[in-house]
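Taking it in order: structure first as structure tokens, then the write-up.
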Amino acid sequence: MPPSRLVPSILPWCYNDPDPVAKELDKKFGANQYRLSSFANAPKKVKGNQYLVEAPRKLQPGEIRQIHDNVKWHYRE
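The numbering of the sequence shown is the working numbering, which starts it at 35 and goes up by one.
Quick look at the structure:
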């Protein structure tokens, strides 16, 4: 169960399969210590969907980039 106090962070990208993102968040926060959801109300400057991460602390821009780089690696062909 996630902690009672969660801070939202936006990941300005979204993939069809959230499992690789969840695995990266597991490494960062521990299993069941965050909530991951996607939503289609992306700002106009961001194309496509986004993920909303609610975790014990806000993700820093460098952490978001690192998660994205690791997830992109998963989708390489």
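Don't be surprised by glycine CBs; every beta carbon is placed ideally from N, CA and C.
Is it right to say Val41 is buried, meaning 16 or more other beta carbons lie within 10 angstroms of its own, or is it exposed?
The residue is exposed, with fewer than 16 neighbouring Cβ atoms inside 10 Å.
CA-CA distance, Lys57 and Trp107?
So the alpha carbons of these two residues sit roughly 13 Å apart.
Identify whether Ala89 lies in helix, strand or coil by the three-state DSSP scheme.
Strand, per DSSP.
Which residue comes first and which comes last in the alpha helix (DSSP H) that contains Arg40?
Reading the sequence as shown, one finds Leu at residue 40 and not Arg. Neither: Leu40 is in no alpha helix (DSSP H) and is coded neither H nor E.
Can you give me the start and stop residues for the alpha helix (DSSP H) that Pro54 sits inside?
First-last of the alpha helix (DSSP H) with Pro54: Asp53 to Phe63.
Among Ala65, Asn104 and Leu70, which one has its Cα closest to the Cα of Ile44?
Comparing Cα positions, the closest option is Leu70.
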